[in-house]
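Visitor: Taking the UniProt record's numbering, the leading residue of the sequence shown gets 1, the next gets one more, and so forth.
Questions regarding the structure given below will be posed in turn.
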Amino acid sequence: MASDMDKSDMQGDIWPGLLKKYEEFVLFEIKDAADFKDRLKEMVSKKQITTAQDALSTRQRVCGSGNEVEMSGVNIAFTSKGMVKLDRDELRDDPFIKGMYTDMVSEGRDTDEEWDNSWRQDVHGVLLICGTEKKVQSTRERIIRTSLGSSIAVVGKPMAGATLPKKKDIHDPEHFGFRDGVSQPILKGLDDDKIKEEGVQKTFTAPGTILINNPGFYDDNKKWWEPDWAKNGSYFVLRKMGQDVPKFHKYCENKARQLGFTQDEFEARLVGRWKNGAPVEKYPFESSTFDGNLNDWDYEDPNKQTNCPFAAHIRKTNPRIGVGNTTNNLMMRRGIPYGPVWEPGKNDEVERGLLFTCYQSAIKNGFQFVMNRWVYNHGFPHDRNGQDAIIGQDIKGAVEEEDKKLRLRLLDKKGLEHEISFTTFISVKGGEYFFTPPLQFIRGL
1 MASDMDKSDM
11 QGDIWPGLLK
21 KYEEFVLFEI
31 KDAADFKDRL
41 KEMVSKKQIT
51 TAQDALSTRQ
61 RVCGSGNEVE
71 MSGVNIAFTS
81 KGMVKLDRDE
91 LRDDPFIKGM
101 YTDMVSEGRD
111 TDEEWDNSWR
121 QDVHGVLLIC
131 GTEKKVQSTR
141 ERIIRTSLGS
151 SIAVVGKPMA
161 GATLPKKKDI
171 HDPEHFGFRD
181 GVSQPILKGL
191 DDDKIKEEGV
201 QKTFTAPGTI
211 LINNPGFYDD
221 NKKWWEPDWA
231 KNGSYFVLRK
241 MGQDVPKFHK
251 YCENKARQLG
261 FTQDEFEARL
271 VGRWKNGAPV
281 EKYPFESSTF
291 DGNLNDWDYE
301 DPNKQTNCPF
311 AAHIRKTNPR
321 IGVGNTTNNL
331 MMRRGIPYGP
341 VWEPGKNDEV
351 ERGLLFTCYQ
361 SAIKNGFQFV
371 MNRWVYNHGF
381 PHDRNGQDAI
391 IGQDIKGAVE
401 EEDKKLRLRL
411 LDKKGLEHEI
421 SFTTFISVKG
431 GEYFFTPPLQ
441 FIRGL
């Protein structure tokens, strides 16, 4: 299969991921479609769009250097409105066609008043520019002023994110303090060397789960539902999520005391991992003996929450066993934090959060399915287990008293079950669904 995977055709943030200490997302509107097409094709011919092969080469160069390497990588993606501007409106993913506002505000739990104004305008596409800060900023200016120029108009201000400083043994932390991005699908035909070296099998999946019109995409290659030109592309979800860090830690401090946990123990149960990434299922009471196995494990019993609550974030978003084949619902996550690290009592009110991003071959099987069928489902995986403890959102317009707060069940150290209530720790500031095209598509515009 490896010979069929054209790394020079797929964009690099899909796989293996663009290296990013700093990242900017630039929303734009296409003002002159004909001029834009010509300029974008020229960017491809000048190798200004970073392919998977380019991203691999950059990783080798950076890993082989003892010093910090200035770098930037660029990818581009389009909304359904943007695809219409490009005269290519044949994509068939329903959530993509209607857009995130309709899907997550009109029909979901996001609230209109929390969305930033930039998301309410005509957004046709987004530029992803990743790397080191100064290089990213200079690359952004060059693309906007010269490469794309008057063919586009930038919508709002660029959204910037940056990796947070490492804390002790916690690599790549997010603002609540937990190691992020540790559970990713391993793609056959792309990650074969990694599989051989590490023996990782639990997240093994067909490339068609992430890459459109590849093996494993809809009934194991018996039928593609997307047009031929979409092959090696992927649907991209961008979602700006504010995190109320002081509220989260204060709630956990109080509730831990009530239930006989330390604060670290209680917070780990809400996430499903300790801050260093150790799974609570394998290390229920402490993580100092963690062997580094982040992902090659399963829950001992899909019908029990002895160690890890059913409503823990990582169990809600990837139950692993007991609910059929979940590999079809996996996403390749590439998010990055925004805002400064929380300093108690000093910058409590400063905005911070996560610029959540993910790739999948169908939003209806990936992001939308996970959110609607798992995260927001009080009865998943079993009756009245509760909402996702980390990204669950309050029910808009709740009338019944029991619906005005989120609830979940967990066991204390004695094995006694408790139902706890809370209000959401996040606020969604906006987002959109995009299509990240293969380079062959751009050349054919």
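Beta carbons are placed, not taken as given, at the ideal position from N, Cα and C, and that holds for glycine.
Only a predicted model underlies this, so the values are computations on that prediction, with no experimental measurement involved.
Taking Cβ positions, are HIS418 and LEU259 nearer each other than 9 angstroms?
Guide: A contact, by the Cβ cut-off of 9 angstroms.
Visitor: Quick check: the Cα distance between LEU355 and LYS316, rounded to an integer number of angstroms?
Guide: Distance between the alpha carbons of LEU355 and LYS316: 20 angstroms.
Visitor: Report the three-state DSSP secondary structure of PRO173 (helix, strand or coil).
Guide: DSSP places PRO173 in strand when its eight states are reduced to three.
Visitor: Write down the C-beta distance between residue 475 and ARG409 rounded to the nearest angstrom, noting that I regard them as a contact closer than 8 angstroms.
Guide: Residue 475 falls outside the range modelled here, since the chain spans only 1 to 445, and no answer is possible.
Visitor: Quickly, what does DSSP pair THR436 with across the bridge? List them, please.
Guide: For THR436, which the question treats as bridged, DSSP gives the partners SER234.
Visitor: Using a Cβ-Cβ cut-off of 6 angstroms (strictly less than) and excluding sequence neighbours within five positions of GLU29, which residues of its own chain qualify?
Guide: Taken in chain order, the residues that qualify are ASP122, HIS124, ALA153 and VAL155.
Visitor: Could you work out which residue in VAL62, VAL69 and VAL74 is closest to LYS46 when comparing CA atoms only?
Guide: Among VAL62, VAL69 and VAL74, the Cα nearest to that of LYS46 belongs to VAL74.
Visitor: The alpha helix (DSSP H) spanning CYS252 covers which residue range?
Guide: Here the alpha helix (DSSP H) through CYS252 covers 245-259.
Visitor: Which value, in whole angstroms, describes the spacing of the CA atoms of PHE285 and LEU238?
Guide: For PHE285 and LEU238, the distance between alpha carbons rounds to 35 angstroms.
Visitor: Helix, strand or coil: which one does DSSP assign to ASN75?
Guide: Of the three classes helix, strand and coil, the one that applies to ASN75 here is strand, per DSSP.
Visitor: With DSSP as the reference, label HIS378 as helix, strand or coil.
Guide: Looking at HIS378 - three-state DSSP - the assignment turns out to be coil, as it is neither helix nor strand.
Visitor: Curious, which full-length alpha helix (DSSP H) runs of at least 4 residues does the region 354-434 contain?
Guide: The region 354-434 contains no whole alpha helix (DSSP H) run of 4 or more residues.
Visitor: Starting from ALA153, trace the beta strand (DSSP E) both ways and give me its first and last residue.
Guide: Unbroken beta strand (DSSP E) run through ALA153: 152-154.
Visitor: Report all residues from its chain with a CB closer than 7 angstroms to the CB of PHE290; omit the five preceding and five following residues, and keep chain order.
Guide: Contacts found: ASN276, ALA278 and TYR283.
Visitor: For the beta strand (DSSP E) containing ALA160, list its first residue and its last residue.
Guide: Its beta strand (DSSP E) spans residues 159-162.
Visitor: Could you check if ASP13 is buried or exposed, using at least 16 other CB atoms within 10 Å of its CB as the buried criterion?
Guide: Buried is the call here.
Visitor: Straight-line CA distance for ASP220 to TYR235?
Guide: With a pLDDT of only 48 at ASP220, under the threshold of 50, the placement of this residue in the model should not be trusted; the figure read from the coordinates follows. Roughly 19 angstroms between the two C-alpha positions.
Visitor: Nearest by alpha-carbon distance to ASN213: which of ASN295, GLU349, LEU27 and ASP93 is it?
Guide: When each option's Cα is compared against that of ASN213, the closest is ASP93.
Visitor: Flag this pair as yes or no: are the beta carbons of ARG59 and LEU91 separated by less than 9 angstroms?
Guide: It is not a contact, given that the beta carbons lie outside the stated cut-off.
Visitor: Could you pull out every unbroken beta strand (DSSP E) segment of at least 3 residues lying fully inside the UniProt domain "DyP dimeric alpha+beta barrel" (9-156), listed in chain order?
Guide: 22-30, 72-78, 125-131 and 152-154, all fully within the UniProt domain "DyP dimeric alpha+beta barrel" (9-156).
Visitor: Which residue marks the beginning of the alpha helix (DSSP H) containing ILE314, and which one marks its end?
Guide: First-last of the alpha helix (DSSP H) with ILE314: 313-317.
Visitor: If you compare alpha carbons, which of LEU211, ASN117, ASP110 and ILE129 is closest to VAL26?
Guide: The residue with the shortest Cα to Cα distance from VAL26 is ILE129.
Visitor: Can you have a look at CYS63 and say buried or exposed, based on whether 16 or more other CB atoms are within 10 angstroms of its CB?
Guide: That one is exposed.
Visitor: Please identify the residue among LEU294, ASP301 and ASN307 whose C-alpha is closest to the C-alpha of VAL280.
Guide: Ranking LEU294, ASP301 and ASN307 by Cα distance to VAL280 puts ASN307 first.
Visitor: Among residues of its own chain, excluding the 5 on either side of PRO438, which ones have a beta-carbon nearer than 7 angstroms to its beta-carbon?
Guide: Correct list, in chain order: ASP9, MET10, LYS231, ASN232 and GLY233.
Visitor: I need the straight-line Cα distance from MET43 to GLY131, nearest angstrom please.
Guide: Their Cα atoms are separated by approximately 18 angstroms.
Visitor: Is it buried or exposed, GLY345, if we count other Cβ atoms within 10 angstroms and call 16 or more buried?
Guide: With fewer than 16 Cβ atoms within 10 Å of its Cβ, GLY345 is classed as exposed.
Visitor: Which class does ASP220 belong to by DSSP, given the choice of helix, strand or coil?
Guide: Any reading at ASP220 must be qualified, since the residue scores a pLDDT of 48, below 50, and its modelled position is unreliable; no value is offered.
Visitor: Please classify THR289: does DSSP put it in a helix, a strand, or coil?
Guide: Three-state DSSP puts THR289 in coil, outside helix and strand.
Visitor: With distance defined between alpha-carbon atoms, name the residue in TRP119, GLN263, LEU406 and VAL69 nearest to ASP394.
Guide: Among TRP119, GLN263, LEU406 and VAL69, the Cα nearest to that of ASP394 belongs to LEU406.
Visitor: Taking C-alpha atoms, which residue in ASP412, PHE96 and ASP87 lies nearest to ASP262?
Guide: Here the sequence assigns Thr to residue 262, which means Asp is not the residue at that position. The shortest Cα separation from THR262 among ASP412, PHE96 and ASP87 belongs to ASP412.
Visitor: Pick out whichever of SER183, ALA206 and THR357 has its Cα sitting closest to the Cα of ASP192.
Guide: Selected option, being the one with the closest Cα: ALA206.
Visitor: Can you find at least 3 beta carbon pairs, one from the region 367-374 and one from the region 292-312, that sit closer than 8 angstroms?
Guide: Result no; under three Cβ-Cβ pairs closer than 8 angstroms.
Visitor: Tell me whether ALA77 is buried or exposed, calling it buried when 16 or more other Cβ atoms sit within 10 Å of its Cβ.
Guide: Answer is buried; the Cβ neighbour count reaches 16.
Visitor: Do you know whose CA, among MET241, GLY149 and PRO95, lies nearest GLU351's CA?
Guide: With distances taken between Cα atoms, GLU351 lies closest to MET241.
Visitor: How many angstroms separate the CA atom of PHE36 from the CA atom of LYS98?
Guide: Their backbone Cα atoms lie some 24 angstroms apart in a straight line.
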